[in-house]
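Undergrad:
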Amino acid sequence: MDTPAREAYTRRQILGTAVGAGAVVVLGTGTAVGQPGGQAPVVAGIEPYEPLHGGAASGPAVPASPDPLVRYRWDDPVAADALQVYSLRPVAVRVDTPASFGDAASATTGRCAVAVLGTGSIRFDFGVESPAWLEIDSPDLSGAVEMSISEYNEPGVVSPGPAHPVKTATPVRYGGTYRLELNAELYEGVRFGWVHVRAFDKPWRITAVRVVCQAKPVNYNGSFDCSDPMLTRIWYTGAYIVRAGFLAGAMSAILMDRGDRFAWAGDCNPMQSAALVAFGNWDYVKKNIAEMVNAHYDIESYALYWVLSLLEYHLHTGDAATLTSYLDTVTARLDHGDAVYADPTITFYGWDERLGAGFEAGDRPETKQAYRMLFIRTCREFADAAASLGRADLADRYRSVADRRTAELHADPDWSTRFGLHSLADAVNAGCVPREDQERITRAEFSDRLNRLSFSPFNQFYVLQAMGRLGSHDDALVTVGDTWGRQIDYGGTTFFEVFRPDWLDVLGPNDPVPNSQSGWTSLAHPWGAGVTSWLSGEVLGIRPTSPGFATVDVFPHLGRTLTWVAGSVPTPTGKVSVRLDVRTGRGEVVVPAGSVGRVGIPSADRGIGSVRVDGRVARPGARPPAGVANVVQDGGTVVLEGVRPGRYRLEVEYRRPAPPAFEAGSLDYPMRFVGRDTTTSGDWGGVHGRDGYVLFDYDTPGRHRTSLPSYVTSVVPTRDGGGGGFGNCLDCVWEVGTQDRRALAPDRSNSGPRNAGCLYTATPQAPGMTMSLDLTVAPGSAYRLALYFVDWDSTARRSLVEVFDHDTRKRVVPVQLVDAYHGGQYLVFDCDRSLRIRIAHVRGDNAVLSGLFFDPAGR
Numbered sequence: 001m002d003t004p005a006r007e008a009y010t011r012r013q014i015l016g017t018a019v020g021a022g023a024v025v026v027l028g029t030g031t032a033v034g035q036p037g038g039q040a041p042v043v044a045g046i047e048p049y050e051p052l053h054g055g056a057a058s059g060p061a062v063p064a065s066p067d068p069l070v071r072y073r074w075d076d077p078v079a080a081d082a083l084q085v086y087s088l089r090p091v092a093v094r095v096d097t098p099a100s101f102g103d104a105a106s107a108t109t110g111r112c113a114v115a116v117l118g119t120g121s122i123r124f125d126f127g128v129e130s131p132a133w134l135e136i137d138s139p140d141l142s143g144a145v146e147m148s149i150s151e152y153n154e155p156g157v158v159s160p161g162p163a164h165p166v167k168t169a170t171p172v173r174y175g176g177t178y179r180l181e182l183n184a185e186l187y188e189g190v191r192f193g194w195v196h197v198r199a200f201d202k203p204w205r206i207t208a209v210r211v212v213c214q215a216k217p218v219n220y221n222g223s224f225d226c227s228d229p230m231l232t233r234i235w236y237t238g239a240y241i242v243r244a245g246f247l248a249g250a251m252s253a254i255l256m257d258r259g260d261r262f263a264w265a266g267d268c269n270p271m272q273s274a275a276l277v278a279f280g281n282w283d284y285v286k287k288n289i290a291e292m293v294n295a296h297y298d299i300e301s302y303a304l305y306w307v308l309s310l311l312e313y314h315l316h317t318g319d320a321a322t323l324t325s326y327l328d329t330v331t332a333r334l335d336h337g338d339a340v341y342a343d344p345t346i347t348f349y350g351w352d353e354r355l356g357a358g359f360e361a362g363d364r365p366e367t368k369q370a371y372r373m374l375f376i377r378t379c380r381e382f383a384d385a386a387a388s389l390g391r392a393d394l395a396d397r398y399r400s401v402a403d404r405r406t407a408e409l410h411a412d413p414d415w416s417t418r419f420g421l422h423s424l425a426d427a428v429n430a431g432c433v434p435r436e437d438q439e440r441i442t443r444a445e446f447s448d449r450l451n452r453l454s455f456s457p458f459n460q461f462y463v464l465q466a467m468g469r470l471g472s473h474d475d476a477l478v479t480v481g482d483t484w485g486r487q488i489d490y491g492g493t494t495f496f497e498v499f500r501p502d503w504l505d506v507l508g509p510n511d512p513v514p515n516s517q518s519g520w521t522s523l524a525h526p527w528g529a530g531v532t533s534w535l536s537g538e539v540l541g542i543r544p545t546s547p548g549f550a551t552v553d554v555f556p557h558l559g560r561t562l563t564w565v566a567g568s569v570p571t572p573t574g575k576v577s578v579r580l581d582v583r584t585g586r587g588e589v590v591v592p593a594g595s596v597g598r599v600g601i602p603s604a605d606r607g608i609g610s611v612r613v614d615g616r617v618a619r620p621g622a623r624p625p626a627g628v629a630n631v632v633q634d635g636g637t638v639v640l641e642g643v644r645p646g647r648y649r650l651e652v653e654y655r656r657p658a659p660p661a662f663e664a665g666s667l668d669y670p671m672r673f674v675g676r677d678t679t680t681s682g683d684w685g686g687v688h689g690r691d692g693y694v695l696f697d698y699d700t701p702g703r704h705r706t707s708l709p710s711y712v713t714s715v716v717p718t719r720d721g722g723g724g725g726f727g728n729c730l731d732c733v734w735e736v737g738t739q740d741r742r743a744l745a746p747d748r749s750n751s752g753p754r755n756a757g758c759l760y761t762a763t764p765q766a767p768g769m770t771m772s773l774d775l776t777v778a779p780g781s782a783y784r785l786a787l788y789f790v791d792w793d794s795t796a797r798r799s800l801v802e803v804f805d806h807d808t809r810k811r812v813v814p815v816q817l818v819d820a821y822h823g824g825q826y827l828v829f830d831c832d833r834s835l836r837i838r839i840a841h842v843r844g845d846n847a848v849l850s851g852l853f854f855d856p857a858g859r
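Read in full-length UniProt numbering, the sequence shown has 515 at position 515, and its numbers run on one by one without any break.
1) In chain order, what residues of the same chain lie with their CB nearer than 6 Å to the CB of Arg656, ignoring the 5 residues before and after it?
2) Taking C-beta to C-beta, are Glu188 and Met256 nearer than 7 Å?
3) Please confirm whether Thr186 and Phe126 have their CB atoms less than 7 Å apart.
4) Check whether the region 527-542 touches the region 265-272, counting contact only when three or more Cβ pairs, one atom from each stretch, lie closer than 8 Å.
5) By how many angstroms is the C-alpha of Gln460 removed from the C-alpha of Phe375?
6) Give every residue of the same chain whose Cβ lies closer than 7 Å to the Cβ of Asp683, excluding the five residues on either side of it in the sequence, and list them in chain order.
7) Could you check the C-alpha separation between Asp474 and Gly844 for me, to the nearest Å?
8) Identify which residue in Trp194, Val218, Gly175, Ala144 has its Cα closest to the Cα of Lys202.
9) Measure the Cβ-Cβ separation of Phe419 and Gln465 and say whether it is below 7 Å.
10) May I have the straight-line CA-CA distance separating Arg579 from Arg797, to the nearest angstrom?
11) Using alpha carbons as the reference points, say which of His688, Ala476, Val694 lies closest to Ser454.
12) Any chance the region 317-327 sits against the region 729-736, with 3 or more Cβ pairs inside 8 Å?
13) Can you say whether Phe829 is buried or exposed, counting buried as having 16 or more other CB atoms within 10 angstroms of its CB?
14) How big is the Cα-Cα spacing for Val277 and Pro570?
15) Which runs of the beta strand (DSSP E) spanning at least 3 residues fall entirely within the region 785-832, listed in chain order?
16) Do Val582 and Thr563 come within 7 Å of each other at the CB atom, strictly closer than that value?
17) Cβ of Pro66 within 7 Å of Cβ of Tyr220?
18) Exposed or buried, which one is Glu663 when buried takes at least 16 other CB atoms within 10 Å?
19) Please give me, in chain order, every unbroken run of the alpha helix (DSSP H) with length at least 4 that falls completely inside the region 560-635.
20) On the CB-based measure, 16 or more other CB atoms within 10 Å of its CB, does Arg94 come out buried or exposed?
21) If we ignore side chains and look at the alpha-carbon of each, how far apart do Gly559 and Ala629 end up?
22) Can you grab the Cα-Cα spacing for the pair Val631 / Val643, in whole Å?
23) Considering only their Cβ atoms, is the gap separating Thr493 from Glu151 smaller than 7 Å?
24) In the DSSP assignment, find the unbroken alpha helix (DSSP H) run with Gly383 in it and report its ends.
25) I'd like to know whether the C-beta atoms of His314 and Ala385 end up nearer to each other than 7 Å.
26) What residues in its chain sit with their C-beta under 6 Å from that of Val589, if we drop five residues either side in the sequence?
27) Using the Cα positions of Leu773 and Gly636, report the straight-line distance between them to the nearest angstrom.
28) Enumerate, from N- to C-terminal direction, the unbroken beta strand (DSSP E) stretches of 3 or more residues contained entirely within the region 453-497.
29) Less than 7 Å separating the beta-carbons of Ser522 and Glu497?
30) Out of Asp502, Trp306, Val801, Tyr236, point me to the one whose CA is closest to Gln825's CA.
31) On the DSSP bridge list, what partners appear for Arg123?
32) Are there 16 or more other CB atoms within 10 angstroms of the CB of Phe192, so buried, or fewer, so exposed?
33) Would you kindly report the start and end of the unbroken beta strand (DSSP E) that includes Asn755?
34) Return the chain-ordered list of same chain residues with a C-beta closer than 7 Å to the C-beta of Ile299, the five sequence neighbours on each side being excluded.
35) Determine the burial state of Asn183: buried for a count of at least 16 other Cβ atoms within 10 Å of its Cβ, exposed for fewer.
36) Is the region 203-213 touching the region 107-114 in the sense that three or more CB pairs, one from each, lie closer than 8 Å?
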């Protein structure tokens, strides 16, 4: 579809015809995916893979899972298996022109009989995002028809590069089946699909609507459940997005084809970590490690994440041969890390502003510190693995490197003051934070609910790991809800590339999300699945402590947030499982053959009076129960040591009643969003700009009309972010000498004629989905700032504004959406510092900014 056609296809047409007072016609809902009747048959002979076979839906029902195949169990899935396909029909339908579609709701049933009676569009919601392609059946299709797919409720668009960056095209006909084919592999990330009747000549019928989904055979061998239903949904959503990304040969990075749909070694670290606890598909993980060995693309941290992935695989499987085969690769990477330690060149560490906003300015002090800590962690974990192989030479060598670098760090007693959230998280995970410093470091970066949120679920995984090591489990669970739970609240059934919880304050369910420095935001990005691993390892508390689960810890952490947990983790010889209810004091632990366990029974802030194992008292200093070698007290936790394989019934009596439930702190922002002005338009004099102003590109491109107040030292648009145009502000003069009052007046008199200019993003290019500018002021300055936006040449633009502390890059106000600003709109903030302002594209040709206005604070 060409650009004019896209512009003509308005938001109202996409969402549905209004009826009465803003209602939207909803024509039906169908059977939920994963339930009987939710699948539609695959048409034989036209699909690239065989239909689902080799197993049955014999597993337990899991209402918390979005995965249609959560119950399916293949008889013997292996890494060499080819992909298979299954199909889903819609669960809901909406139309833009009700008179053009008869019985549209029938598409959600097994007796689809949609009558096409005119032009218009019909949208199908399949209830879950899948790696899939869209098909319809029609015996008599006529006229001109296009089809679309998307991850959200408007037809998808991505950056140039793939065969079809606009996810709309004429379908390919196979007899009576019409399939939307957007790339050679067919699949995209599909939650919504559309049929657009562009030209109508006679009535015709749609007799089936489906998405055909691809699946790599793999079984759910791990599980998770707890007293917070959202946490259970999060665990299964993380597992599902990993499964959805399994390809025939390796794990995929994202579902939507936007030109970078290939695996990255760093992305795979949380993906693989989740796969190990959810599926235990060891041979496929091993194959993926081989595929990813050189897939770090000169990103220093990604080379180390591959090593950590290898070490985690070895710890779960005990596969010494595979680890041994990579020893030269590992040592070469660690030797390189030691050589560049003093001044590593960091091109990318994450999308968070504090990490340089991805590739825009990745080589920052914070990213260098984070890399150093990641290096120390990798050395320590490799030393432990080498020792298990009997390679004392390697173990001593790299443990010595880690100790030396840690001693250098601690030589400065104020070392941690130079670290931010991400580098401190990596320092904690590396074991570089002495116990006596942990409380201070927690207060500095991890206690503030807003500060501890990273822009990417990828980086958030490592922050969660640190919070678990610091013992901040209740706060960590709040962060799990803020980052992953809010994605589900938005309507997500997979996890996203980047996310802000306050997006939900400005977006409706399944609305197009803001794009970012990462490009066109992916809503199905398996790198966000690390939370599944964390919940198994920290909340269930199941962790291997020697290769192949020869020894295993089971230390549930319920905090004051949860009252019960239950679940399992697969091992090469069976499942480790735990169930514990602190309300009743009842529980159970299963240690599989070949493992020896250490089981921690938490006090739940109630104090443990007694513990019984299979009816026998377990008390330090007394004879231990059968199957248990020893019982010790570790703080408030009773620890059963040397637990041999078997099933053990636990009974705990507590001395005190349950404490009050944990109360999460609020998301507090240090600055205030005053509001928006939609009436002043370009007549800013007397309303805004009493202290000063900047009218961007007012006279010629790149030449701004400026009158800065004395407290403003500079206003600098980004011009060459990361050397690749990341975050760049481009220049435009729309019109000169106009009387249109939407154009900013040349001065405070509001006289004319006027010029209309703007900074704008390089959309649709991936590096150009945002633009940033820096505003610096004298220390201690307080002022009011207004940003002026005008959608001069369309009515389609939607943009998002983020504001950060210029020096720390921490967020200072909630995000603000600028929508319907054809007539001009100001966003007004009360400010007290220098700022980094980032403006992101949501929809429309690009994001624009036409002016800044300065006024006295609190005016």
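All residues carry an ideal CB built from backbone N, CA and C; glycine is no exception.
On a predicted model such as this, the values are computed, not experimentally measured, just so you know.
TA: Taking the geometry as given:
1) Arg606, Gly607
2) yes
3) In the sequence under discussion, the amino acid at residue 186 is Leu, which differs from the Thr named in the question. Going by C-beta atoms, Leu186 is not nearer than 7 Å to Phe126.
4) yes
5) 18 Å
6) Arg741, Ala745, Asn750
7) 41 Å
8) Ala144
9) no
10) 51 Å
11) Ala476
12) no
13) buried
14) 6 Å
15) 798-805, 816-819, 825-831
16) yes
17) no
18) exposed
19) none
20) buried
21) 27 Å
22) 10 Å
23) no
24) It should be noted that the sequence gives Ala, not Gly, for residue 383. Where Ala383 is concerned, the enclosing alpha helix (DSSP H) stretches over 365-388.
25) yes
26) Val554, Val578, Val599, Tyr648
27) 51 Å
28) none
29) yes
30) Val801
31) Arg94, Trp194
32) buried
33) 754-760
34) Gly266, Thr347, Phe348
35) exposed
36) yes
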